[in-house]
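> The sequence shown begins at 1 in this note's numbering and counts up one residue at a time.
Ideal Cβ placement from N, Cα and C applies to all residues, glycine included.
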Amino acid sequence: MSGNLEPKPRILEIEPYVGGLSDIKGHENVLKLSSNEAAIGPSPKALDAYKLYAGNLSRYPEGSARELRSTIGRVNNINIENIVCGAGSDELLQLICRAFSGPGDEVLFTEHSFLVYRIAALASGASPIAIPETNLCADVDKIINSISKSTRIIFLANPNNPTGSFLARSELLRLWENIPKNVLLVVDTAYAEFVTHKDYDPAFKLVEKAENVVVTRTFSKAYALASLRVGWCYGSSQVIDVINRIRGPFNVSGAGMKASIAALLDSNHLSAAIELNSKWLEQFPREISGTGISCMPSVGNFILLKFPDDIEKNSKAAEKFLYSRGIILRNVESYGLSDCLRLTLGLDHEMETVALSLREFMRS
1 MSGNLEPKPR ILEIEPYVGG LSDIKGHENV LKLSSNEAAI GPSPKALDAY
51 KLYAGNLSRY PEGSARELRS TIGRVNNINI ENIVCGAGSD ELLQLICRAF
101 SGPGDEVLFT EHSFLVYRIA ALASGASPIA IPETNLCADV DKIINSISKS
151 TRIIFLANPN NPTGSFLARS ELLRLWENIP KNVLLVVDTA YAEFVTHKDY
201 DPAFKLVEKA ENVVVTRTFS KAYALASLRV GWCYGSSQVI DVINRIRGPF
251 NVSGAGMKAS IAALLDSNHL SAAIELNSKW LEQFPREISG TGISCMPSVG
301 NFILLKFPDD IEKNSKAAEK FLYSRGIILR NVESYGLSDC LRLTLGLDHE
351 METVALSLRE FMRS
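Structure (structure tokens):
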């Protein structure tokens with residue numbers, strides 16, 4: 001950049017986040033399973049609440065999101081005074097980096113995790129440090145051994161996107177026990193609602209015993225409200241106070257809050273979403289068994305598909321073939337997984353279509 005308008009250090013090192021494709025030229029009806037959007041869509045009660053709010057569009061929303069925080073607290077049995085809401089969990093991740101890291105500091109995360117961690121670190125002026133994984137899963141020992149005197153934040157996606165792996169309760173606790181008290185552990189649990197594994201820990205209890213742990217959540221995934229951009233985090237009073245000091249005064253829309261409250265209270269709809277997701281986590285690997293495509297174990301609402309190295313059967317060839325059928329999966333080359341595509345779990349007929357297309361591709 002020339003002239004006098006120079007941004008803060010490290011800003012120009014950021015590569016803008018690029019989402020997956022939404023359409024394919026020449027295809028009117030595209031099957032888009034690339035953004036980890038909930039298959040069955042939002043609760044009808046959330047839609048009704050959103051529509052009912054239309055008469056209030058000229059008014060600013062209540063700035064502290066108290067009603068939403070109260071509902072979150074009641075549903076999750078956590079203290080509402082330790083909750084802050086944001087415009088998606090993305091905003092909260094950015095605010096955390098802005099508040100607790102800066103030039104000369106290090107922000108750690110595992111190598112195949114959410115791209116926003118790196119962006120947030122650089123935007124704050126800190127150095128992003130990617131920690132190698134073991135078998136596409138966070139390795140606690142490697143994280144611990146990477147902590148230095150400059151480390152200020154550790155981002156842990158649990159479950160992790162796009163790999164679908166997670167750290168068990170005992171490993172999460174071991175990680176926290178080996179982190180200095182001046183290092184903030186941020187547990188990003190965007191996909192927590194989908195997890196049915198008995199060893200998974202949403203980390204609420206850890207927050208309640210530790211000042212240096214924050215948990216983030218979103219309404220974009222299991223609650224299917226991605227377009228409304230609503231998220232929240234749970235942390236110690238000290239951390240929440242700091243975030244509240246720098247967040248925008250009306251950072252969550254009124255319509256988003258009302259829809260999120262209704263979604264939280266519709267437990268039947270959430271259960272249906274989880275049931276469908278669990279069905280295809282188990283069934284889809286069987287659907288493409290023997291094709292040469294590997295399904296990485298997942299607890300989220302997506303499966304990472306690993307393709308052979310053969311140039312005619314690799315991930316790029318598969319992506320091109322699927323495009324020709326009007327199907328979009330997520331290219332994850334930017335995550336360092338050039339031999340993979342990520343499949344968002346969809347409705348029954350969508351999953352059957354993808355399975356059929358992949359079998360056809362591998363036979364062709």
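1. Using CA coordinates, which residue listed in 106, 94, 99 and 100 is at the minimum distance from residue 114?
2. Restricting to Cα atoms, I'd like to know which of 59, 22 and 88 is closest to residue 225.
3. Does the Cβ-Cβ distance between residue 96 and residue 153 come in under 8 Å?
4. Leaving out five residues on either side along the sequence, give the residues of the same chain with a beta carbon under 8 Å from the beta carbon of residue 83.
5. Out of 321, 324 and 340, point me to the one whose CA is closest to residue 330's CA.
6. Report the partner residues of residue 331 according to the DSSP bridge assignment.
7. Let me make sure I understand the geometry here. Which of 138, 184, 168 and 144 has the alpha-carbon closest to that of residue 162?
8. Of all the options 10, 39, 9 and 17, which has the alpha carbon lying nearest to the alpha carbon of residue 271?
9. Would the beta-carbon of residue 228 fall within 8 Å of that of residue 255?
10. If you check the beta carbons only, do residue 196 and residue 278 fall under 8 Å apart?
11. Quick one: using the 10 Å Cβ neighbour count with 16 as the cut-off for buried, is residue 356 buried or exposed?
12. For the putative contact between residue 117 and residue 155, defined by C-beta atoms under 8 Å, what is the C-beta separation to the nearest angstrom?
13. DSSP on residue 353, reduced to helix/strand/coil?
14. Please list the segments of the alpha helix (DSSP H) lying wholly inside the stretch 96-165, counting only runs of 4 or more residues, in order along the chain.
15. So does the stretch 286-303 actually touch the stretch 177-197, counting three or more Cβ pairs closer than 8 Å?
16. State the Cα-Cα distance for the pair residue 18 and residue 336, rounded to the nearest angstrom.
17. Could you tell me the distance, in whole angstroms, from the CA atom of residue 119 to the CA atom of residue 108?
18. Given that a residue counts as buried once 16 or more other Cβ atoms are within 10 Å of its Cβ, and exposed if not, what is residue 209?
19. Only counting the same chain, and skipping five residues up and downstream in sequence, which positions put a Cβ closer than 7 Å to that of residue 65?
20. Who pairs with residue 234 in a beta bridge, going by DSSP?
21. Quick one, are the C-beta atoms of residue 46 and residue 259 less than 8 Å apart?
22. Using C-beta distances below 6 Å, list every residue in its chain close to residue 366, excluding the 5 sequence neighbours before and after it, in chain order.
23. Name the residue from 242, 187 and 76 whose alpha carbon lies nearest to the alpha carbon of residue 267.
24. Can you list, in chain order, the stretches of the beta strand (DSSP E) that have 3 or more residues and sit fully within the stretch 219-270?
25. By Cβ distance, which residues of its chain are closer than 7 Å to residue 133, with the 5 residues on each side in sequence left out?
26. Once the 5 residues before and after residue 100 are set aside, which same chain residues still bring their CB inside 7 Å of it?
27. From the DSSP output, which residues share a beta bridge with residue 303?
28. Please report the straight-line C-alpha distance between residue 249 and residue 363, rounded to a whole angstrom.
29. Once DSSP output is grouped into helix, strand and coil, what is the label at residue 90?
30. Start and end of the alpha helix (DSSP H) containing residue 187?
31. What first and last residue would you give for the alpha helix (DSSP H) that runs through residue 308?
32. For residue 16, count the other beta carbons within 10 Å of its own beta carbon; 16 or more makes it buried, fewer makes it exposed. Which is it?
33. Let's see if you can read the secondary structure: which residues bound the alpha helix (DSSP H) around residue 69?
34. Here's a check: name, in chain order, each residue in its chain whose Cβ is nearer than 6 Å to the Cβ of residue 264, leaving out the five neighbours to either side.
Put simply:
1. Nearest option by C-alpha distance: 94.
2. Minimum Cα distance to residue 225 is reached at 88.
3. Less than 8 Å separates the beta-carbon of residue 96 from that of residue 153.
4. Cβ neighbours of residue 83 beyond the five flanking positions: 69, 72, 73, 232, 233, 234 and 240.
5. Of 321, 324 and 340, the residue nearest in Cα terms is 340.
6. Beta-bridge partners of residue 331 (DSSP): 341.
7. Nearest C-alpha to residue 162: 138.
8. Per the Cα distances, 39.
9. Yes, Cβ-Cβ distance for residue 228 and residue 255 is below 8 Å.
10. Annotated as proximal: residue 196 and residue 278, with beta-carbon spacing under 8 Å.
11. It counts as exposed.
12. That belief holds up - the Cβ atoms of residue 117 and residue 155 are roughly 4 Å apart, short of 8 Å.
13. Residue 353 falls in the helix class under three-state DSSP.
14. List check, alpha helix (DSSP H) in window: 116-123 and 140-146.
15. Yes, the stretch 286-303 touches the stretch 177-197.
16. Roughly 15 Å separates the two Cα atoms.
17. One C-alpha to the other measures close to 12 Å.
18. Classified as exposed, residue 209 has fewer than 16 neighbouring CB atoms from the shown chains inside 10 Å of its CB.
19. Here the set comprises 85, 252 and 257.
20. Bridge partners of residue 234: 83 and 215.
21. When the beta-carbon positions are compared, residue 46 and residue 259 come within less than 8 Å of each other.
22. Outside the shown range of the chain (1 to 364) lies residue 366, about which nothing can therefore be said.
23. Relative to the Cα of residue 267, the nearest Cα in the group 242, 187 and 76 belongs to 76.
24. If we require 3 residues or more, the beta strand (DSSP E) runs fully inside the stretch 219-270 come out as 231-235.
25. Taken in chain order, the residues that qualify are 110, 111, 112 and 139.
26. The answer, listed in chain order, is 152, 153 and 184.
27. Per DSSP, 343.
28. For residue 249 and residue 363, the distance between alpha carbons rounds to 56 Å.
29. Helix at residue 90.
30. First-last for residue 187: 184-188, but that is the beta strand (DSSP E), not the alpha helix (DSSP H).
31. No alpha helix (DSSP H) holds residue 308; DSSP gives it neither H nor E.
32. Exposed, because fewer than 16 other Cβ atoms sit within 10 Å of the Cβ of residue 16.
33. 66-76 is the span of the alpha helix (DSSP H), which, as asked, contains residue 69.
34. Taken in chain order, the residues that qualify are 71 and 75.
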